[in-house]
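Okay, so here's the structure we're looking at.
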Amino acid sequence: AVQIPSVRIVRGGQLDADVLAILQANTRLPDSLWGDLNGQLAALELGEKRLNGLLDEYGDAVVLNALSELRVRALKLMRSHIAALPDGRYSFEDVLDNDGITNVPLTIALDMTVGGERLSLDFSRTSPQCAGPVNISRATAVAACYVALKHLFPDVPANAGVLDAVDFVIPDKLVISAERPRPMGGYTETILRMIDVIFSAASQADPSRAVAHAYGTINALSIAGHRSDAVREGQRWVMFSFFGGGHGGHSAGDGLAHGNAPISTATIPPLEILEAAYPVRFTEWSLRADSGGDGQYRGGLGAVYEIELLEKDAEVFVFGERGTSPPKGIAGGGPGAVNVFQYENDGKWHTPPMVSKMRGIRLAHGERVRLETPGGGGWGHAVERPAAQRAADVAMGYVSAEGAASKKAFE
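Residue 1112 is where the sequence shown starts when you use our numbering, and the numbers rise one by one after that.
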């Protein structure tokens, strides 16, 4: 592996071609890397232009005062929201399936204390840093808390004032405060679990503010190989994409079906785009019936993706979560369905030994991979869901007739 420290890729407005060459030499798709990097640089340039426009129009002092005032307002609003919660200690813990190296669950544990106008988030009981790539840094852990708090208190301005009323207890060398050289490439999964435990702890203080767990994984799937046609023979191709799932129910309604992760603003690409760009065929892309957790407000549905390889051969990599521990409900709601990944070899379907993570899967022409993503957790007790809504769920195919008739659906 090559480790590249933080270096400037642009100096004085000029791209450093040497740094770019190093980056491109260490990726399978140098042209795609340049496209992504160019888009990021353009976004930074636009941000710089707009900030300079504000400074030119209003002057440094006015802009800095406005930024300071927005932070103060965010802090005041956060304090008022925290003060409205009952004082007390609220605890919750959840797990990651494994780290992709050792098939042992990793605990993300939170003790949340509300005291007056301050909030304490104590993650001391969380598992130690690990050998696999699900570690995150302390800074990333704090950022994950910020995302969760913004979901709980969406009217608070988005700035550092959100965190000024919060005390963090994150000891060294946990899976959420890992140190170099621990790998962190799968950081998204751990961030999502932190958000889940914050929601569940907060729901004990005020269920109306908390959303039940979303599907809880980005479900990174890579299918890669080389072209075999005469025009592009030997050309490398990599289809790398994330696949959505259901979001949690909440006090105002059912969860979103087949959405993207709570930490992302990206969109799920249309299957037509993926089929046009890569030698694959989607033989199924549908909502996953019965995957949303039951409750007064049902969890959103996950999805079913089945992908057939059209090339001679390819290698598959999957990195996901929620294969053993489902998204949890809140305020009496039921859990969503777990993640299911399968691959086809010699006419038989197989499940990875670690359920949600595996590399080196070989596919031949016509063989498929299948991903059934989790649904979101339910909110509120199932007995509170009106019969008319249950009938509509069945009519729309969100819940099967068997699922509606099962004991689980009405507990």
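For each residue, glycine too, the CB sits at the ideal point set by N, CA and C.
Please read all numbers here as calculations on a predicted model, not as lab measurements.
beta-carbon residue i near the ligand COA non-hydrogen atom, thresh 8 Å
{"i": "F1393", "result": "By its list of ligands, the structure shown contains no ligand whatsoever, and the ligand COA lies outside what it can speak to."}
Three-state secondary structure assigned by DSSP to residue i
{"i": "H1192", "result": "helix"}
{"i": "I1219", "result": "strand"}
{"i": "V1113", "result": "coil"}
{"i": "N1163", "result": "helix"}
{"i": "K1518", "result": "The pLDDT assigned to K1518 is 43, lower than 50, so where the model puts this residue is not dependable, and the model offers no usable value."}
{"i": "Y1416", "result": "strand"}
{"i": "P1239", "result": "strand"}
{"i": "N1149", "result": "helix"}
{"i": "K1187", "result": "helix"}
{"i": "H1262", "result": "helix"}
{"i": "V1245", "result": "coil"}
{"i": "E1455", "result": "strand"}
{"i": "Y1257", "result": "helix"}
{"i": "A1503", "result": "helix"}
{"i": "Q1125", "result": "strand"}
{"i": "A1335", "result": "strand"}
{"i": "S1288", "result": "coil"}
{"i": "A1422", "result": "The sequence given here places Glu at residue 1422; Ala does not occur at that position. Looking at E1422 - three-state DSSP - the assignment turns out to be coil, as it is neither helix nor strand."}
{"i": "E1168", "result": "helix"}
{"i": "R1119", "result": "coil"}
{"i": "R1182", "result": "helix"}
{"i": "D1233", "result": "strand"}
{"i": "L1367", "result": "coil"}
{"i": "G1487", "result": "coil"}
{"i": "G1406", "result": "coil"}
Range covered by the beta strand (DSSP E) that runs through residue i
{"i": "A1316", "result": "No beta strand (DSSP E) holds A1316; the alpha helix (DSSP H) holding it covers Y1298 to A1316."}
{"i": "G1471", "result": "K1468 to A1475"}
{"i": "K1459", "result": "K1459 to H1461"}
{"i": "V1510", "result": "No beta strand (DSSP E) holds V1510; DSSP gives it neither H nor E."}
{"i": "L1131", "result": "Where L1131 is concerned, there is no enclosing beta strand (DSSP E), although the alpha helix (DSSP H) it sits in stretches over A1128 to A1136."}
{"i": "G1431", "result": "Looking at the DSSP string, G1431 is not in any beta strand (DSSP E), and its letter there is neither H nor E."}
{"i": "E1102", "result": "Since the displayed the chain opens at 1112 and closes at 1522, residue 1102 lies outside it and no answer follows."}
{"i": "W1348", "result": "R1347 to S1352"}
{"i": "S1202", "result": "G1199 to L1207"}
{"i": "R1343", "result": "R1343 -> no beta strand (DSSP E), and no H or E assigned at all."}
Element boundaries [alpha helix (DSSP H), containing residue i]
{"i": "E1386", "result": "L1382 to A1388"}
{"i": "D1275", "result": "G1272 to D1275"}
Distance between beta carbons of residue j and residue i, contact taken as under 8 Å
{"i": "I1193", "j": "D1205", "result": "Contact doesn't hold; Cβ gap of about 23 Å is too wide."}
{"i": "P1485", "j": "S1402", "result": "7 Å"}
{"i": "D1222", "j": "D1208", "result": "Their Cβ separation, rounded to whole angstroms, is 23 Å, which puts D1222 and D1208 out of contact at 8 Å."}
{"i": "G1508", "j": "A1400", "result": "6 Å"}
{"i": "G1359", "j": "P1438", "result": "7 Å"}
{"i": "A1321", "j": "L1263", "result": "7 Å"}
{"i": "T1301", "j": "I1287", "result": "6 Å"}
{"i": "E1422", "j": "H1476", "result": "7 Å"}
{"i": "S1339", "j": "L1385", "result": "Wrong, their Cβ atoms sit about 19 Å apart, outside the cutoff."}
{"i": "L1144", "j": "L1134", "result": "6 Å"}
Checklist entry - Is the region 1407-1416 close to the region 1277-1291, with three or more CB pairs under 8 Å? => result no
Checklist entry - Do three or more CB pairs link the region 1425-1436 to the region 1317-1332 at distances below 8 Å? => result yes
Item to check | At least three beta-carbon pairs within less than 8 Å, the region 1360-1378 to the region 1456-1475 | outcome: no
Checklist entry - Would you call the region 1480-1497 and the region 1441-1453 touching, i.e. three or more CB-CB distances under 8 Å? => result yes
Item to check | the region 1126-1140 / the region 1342-1354 touching (three or more Cβ pairs under 8 Å) | outcome: yes
Item to check | Touch test, the region 1208-1217 against the region 1235-1243, Cβ-Cβ under 8 Å, three pairs minimum | outcome: yes
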